[in-house]
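A.B. asks:
Protein chains in written order, with the working numbering: chain A, 1 to 413; chain B, 1 to 206.
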């Protein structure tokens, strides 16, 4: 498995986090629903229940969830950097294993979201310690990305700019994150804009920039049309300037006492200037995103056809036409190296695939039942949110019917 | 269960409904099902943790020791364990192509599951008559939600088994689909193991 592309690896790890973290929030939401609909007291102190249990269940899901958000973006960056630096990913194995370690440690840090609920010094110390530990595999990855760029023949495409932006912004978010890991310092920061600054540097500066890097990288593969590089660069610089204007002042306004989730504040607080800068930054981000959508729509009106490997990438998807045909690979290729399309020290590049499959290919038929199942879920959720029990039951019935028919549907149409 | 996957391959050639070959030597449906069981462990783990966190924190009665009937639930537990045995016999019969026995044991497994559900229904209605409702106290809330979730899983299993039984009656189930029966068995045994944990935590350790 150490020949898998890093994005595939990170997606795999993410799926393990998804299937293990979501049941916990499912239980929390079911208990909450019982409190709301049927009058139980799971989280209601009057009946002996404890709101802290809600916090535990929520964050036991919530912290793995942040790694569900960031690991795929880390995988994207680990694909984009080698292509545009014309170098293999530095320390591939270490990058993969740090992803695994992050996922494991991600399960042991949830209470650092709850330092201010008064868990006691022992719990606070343990969770502070595990939280600081998680900075190690994350830092390892950052050094590996820098090592990948080091001495490479770098091409500053939009995709690479976003990937480099990811590294820089994620470092800032990571550093403010380590400052939360210390319980005494976190108590000063809880529920202030400092936390808002942190989450936006890791979520926007990390995940979103990483996803944009991936969009510019794979859009030609997905659609067969090139995105405009010059519009892309406008998009990148507006996004980078906008996000720093919006989120960097929040460190200061937060430290000065600007509370989060409250729409107004006293003018005596001295944060008016910082907040105004943040507002300007937010509008710049909005403008940048409009440029991005314009760029996407442009590929429809003024199409520039993408070749099968526009960036000179090394992984399998670049061996087939853009967009990939319905049956992507005519034969399953034998992959002998991590960069099957590049000539490496030990491996010759992969032989080109035949244009037509040698024999008839069995393609599974389509099915409506997954769609029916998916339609049932929002019905269920809308019913639960609007406290309409009959609608919840309708949603549940649709989901059950969908899953049942799906499970017993023959493989072949 | 190399035996089972070998059959799945034969079915793959014959019926075209078999699994793709994987480099792990493990049928991908089985792999996916083990992942699902891992996910379910977290679901029941969260519910059992909630039960344990609220143990002894009910403000009003009835309390567990006043109401839980260990001899009766021991019978239910025994019934569920026997259903696992029937499930093993059903899988073995289907794998060797003995569909007569296979149909019998599938039906017996489903019926034993129904007996368990009937026991749970009786237990719940008995508790309600004794004054323990869902909202009476934290014990009631955690007990009903935990054992009710388990009961829902048994119900799903019974419907699953009966569907297989009907398919077998129609002659659509054979050694070629042994993997389907094996996965049903994985689910059934998992639900059984969860009950053993619940029985220990809720009933035996009061």
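Beta carbons: idealized from backbone N, C-alpha and C, even for Gly.
If you count every other CB in all the chains shown that lies within 10 Å of the CB of residue 286 of chain A, and 16 or more means buried, which is it?
C.D. replies: Per the 10 Å Cβ criterion, exposed.
A.B. asks: Please go through the same chain and pick out, in chain order, the residues whose beta-carbon is closer than 8 Å to the beta-carbon of residue 144 of chain B, but skip the five residues on each side of it.
C.D. replies: The answer, listed in chain order, is 124 and 134.
A.B. asks: If I measure Cβ to Cβ from residue 328 of chain A and keep anything under 6 Å in the same chain, skipping five residues before and after, which residues do I get?
C.D. replies: Here the set comprises 320.
A.B. asks: Less than 8 Å between the beta carbons of residue 151 of chain B and residue 114 of chain B, yes or no?
C.D. replies: Cβ distance not < 8 Å, so residue 151 of chain B and residue 114 of chain B don't count as in contact.
A.B. asks: On the CB-based measure, 16 or more other CB atoms within 10 Å of its CB, does residue 374 of chain A come out buried or exposed?
C.D. replies: Burial call: exposed.
A.B. asks: Between the segment 23-53 of chain A and chain B, which residues of the former have a C-beta closer than 8 Å to a C-beta of the latter?
C.D. replies: Answer set for the segment 23-53 of chain A: 23, 24, 26, 27, 28, 30, 31, 34, 38, 39, 40, 41, 42, 47, 48, 49, 50 and 53.
A.B. asks: Please give the ranges of any alpha helix (DSSP H) in the segment 112-176 of chain A, keeping only runs that are unbroken, at least 4 residues long and fully inside the region.
C.D. replies: Qualifying alpha helix (DSSP H) stretches, in chain order: 121-133 and 135-149.
A.B. asks: Can you pull the chain B residues whose beta carbon is under 9 Å from the beta carbon of residue 19 of chain A, in chain order?
C.D. replies: In chain order: 35, 36, 38, 39 and 42.
A.B. asks: Return the residues of the segment 124-138 of chain B that lie within a Cβ-Cβ distance of less than 8 Å from chain A, sorted by chain order.
C.D. replies: If the cut-off is 8 Å between Cβ atoms, the segment 124-138 of chain B has 134, 135, 137 and 138 near chain A.
A.B. asks: Taking the beta carbon of residue 134 of chain A as the centre, do at least 16 other beta carbons fall within 10 Å, making it buried, or is it exposed?
C.D. replies: When all chains shown are included, residue 134 of chain A counts as buried.
A.B. asks: Is residue 413 of chain A close to chain B, meaning its C-beta is less than 8 Å from at least one C-beta of that chain?
C.D. replies: Note on residue 413 of chain A: pLDDT 36, under 50, position unreliable in the model; no value is reported.
A.B. asks: Report yes if the CB atom of residue 334 of chain A is closer than 8 Å to the CB atom of residue 353 of chain A, and no otherwise.
C.D. replies: No; because the gap between Cβ atoms is not below 8 Å, this pair is not in contact.
A.B. asks: Buried or exposed: where does residue 204 of chain B fall if 16 or more other Cβ atoms within 10 Å of its Cβ makes it buried?
C.D. replies: Classification of residue 204 of chain B: exposed, given that the 10 Å Cβ count is below 16.
A.B. asks: Please state whether DSSP places residue 96 of chain B in a helix, a strand or coil.
C.D. replies: Here residue 96 of chain B sits in coil by DSSP.
A.B. asks: Spatial neighbours of residue 280 of chain A within its chain, please: C-beta separation below 7 Å, excluding the five flanking residues on both sides.
C.D. replies: Excluding positions up to five away in sequence, the list reads 245.
A.B. asks: Using a Cβ cut-off of 8 Å (strictly closer), state whether residue 10 of chain B contacts chain A.
C.D. replies: Confidence in residue 10 of chain B is poor, its pLDDT being 36 and thus under 50, which makes the residue's placement unreliable; the coordinate value appears in the next sentence. False, the Cβ-Cβ gap to chain A never drops below 8 Å.
A.B. asks: Does the distance from the CB of residue 247 of chain A to the CB of residue 209 of chain A come in under 8 Å?
C.D. replies: Not closer than 8 Å, so no.
A.B. asks: From B:142, B:174 and B:173, pick the residue whose C-alpha is nearest to that of residue 30 of chain A; which is it?
C.D. replies: Ranking the options by Cα distance to residue 30 of chain A, first place goes to B:142.
A.B. asks: With 7 Å as the limit, tell me which residues of the segment 375-408 of chain A have their beta carbon closer than that to any beta carbon of chain B; keep them in chain order.
C.D. replies: If the cut-off is 7 Å between Cβ atoms, the segment 375-408 of chain A has 408 near chain B.
A.B. asks: For the segment 149-169 of chain B, which residues have a beta carbon sitting closer than 7 Å to at least one beta carbon of chain A?
C.D. replies: Hits within the stretch, in order: 163.
A.B. asks: Which residues in the same chain have their Cβ closer than 8 Å to the Cβ of residue 377 of chain A, if we skip the five residues on either side of it in sequence?
C.D. replies: Correct list, in chain order: 395 and 399.
A.B. asks: Grab me the residues of residue 54 of chain B's own chain with a C-beta within less than 7 Å of its C-beta, minus the 5 sequence neighbours each way, in chain order.
C.D. replies: Within the same chain, residue 54 of chain B has close Cβ partners 138 and 142.
A.B. asks: For residue 288 of chain A, count neighbouring C-beta atoms within 10 Å of its own C-beta (all shown protein chains included) and say buried if the count is 16 or more, exposed if not.
C.D. replies: Flag for residue 288 of chain A reads buried.
A.B. asks: Which chain D residues are close to residue 296 of chain A, counting only those with a beta carbon under 8 Å from its beta carbon?
C.D. replies: Here chain D cannot be found, since the structure's protein chains are A and B.
A.B. asks: Below 6 Å CB to CB, which residues in the same chain sit around residue 40 of chain A once its five sequence neighbours on both sides are set aside?
C.D. replies: Contacts found: 34.
A.B. asks: Buried or exposed: which applies to residue 188 of chain B, given that a residue is buried once 16 or more other Cβ atoms fall within 10 Å of its Cβ?
C.D. replies: Buried, because 16 or more other Cβ atoms sit within 10 Å of the Cβ of residue 188 of chain B.
A.B. asks: Using the beta-carbon of each residue, which ones in chain B are nearer than 7 Å to residue 4 of chain A?
C.D. replies: Going along chain B, no residue has its Cβ under 7 Å from residue 4 of chain A, so there is no contact; the nearest lies around 12 Å.
A.B. asks: Flag this pair as yes or no: are the beta carbons of residue 254 of chain A and residue 192 of chain A separated by less than 8 Å?
C.D. replies: Yes. Within cutoff.
A.B. asks: Given this structure, state the Cα-to-Cα distance separating residue 242 of chain A from residue 249 of chain A, to the nearest angstrom.
C.D. replies: For residue 242 of chain A and residue 249 of chain A, the distance between alpha carbons rounds to 12 Å.
A.B. asks: Go ahead and pull the three-state DSSP assignment for residue 136 of chain B.
C.D. replies: It is coil, neither helix nor strand.
A.B. asks: Give a yes or no on whether 8 Å exceeds the smallest Cβ distance from residue 57 of chain A to chain B.
C.D. replies: Answer yes: the Cβ-Cβ gap between residue 57 of chain A and chain B drops below 8 Å somewhere.
A.B. asks: To the nearest angstrom, how far is it from the Cα of residue 172 of chain A to the Cα of residue 252 of chain A?
C.D. replies: Rounded to the nearest angstrom, the two C-alpha atoms are 14 Å apart.
A.B. asks: Give the secondary structure of residue 356 of chain A by DSSP, where H, G and I count as helix, E and B as strand, and everything else as coil.
C.D. replies: Note: residue 356 of chain A maps to coil in three-state DSSP.
A.B. asks: Contact criterion: CB-CB distance below 8 Å. Does residue 59 of chain B meet it with respect to chain A?
C.D. replies: So, interface residue.
A.B. asks: In chain order, what are the residue ranges of uninterrupted alpha helix (DSSP H) at least 4 long that sit wholly in the segment 68-106 of chain A?
C.D. replies: Counting only runs of 4 or more, we get 92-105.
A.B. asks: Just checking: is the beta-carbon of residue 109 of chain B within a distance shorter than 8 Å of some beta-carbon in chain A?
C.D. replies: Taking Cβ atoms only, chain A never reaches closer than 8 Å to residue 109 of chain B, which makes this a no.
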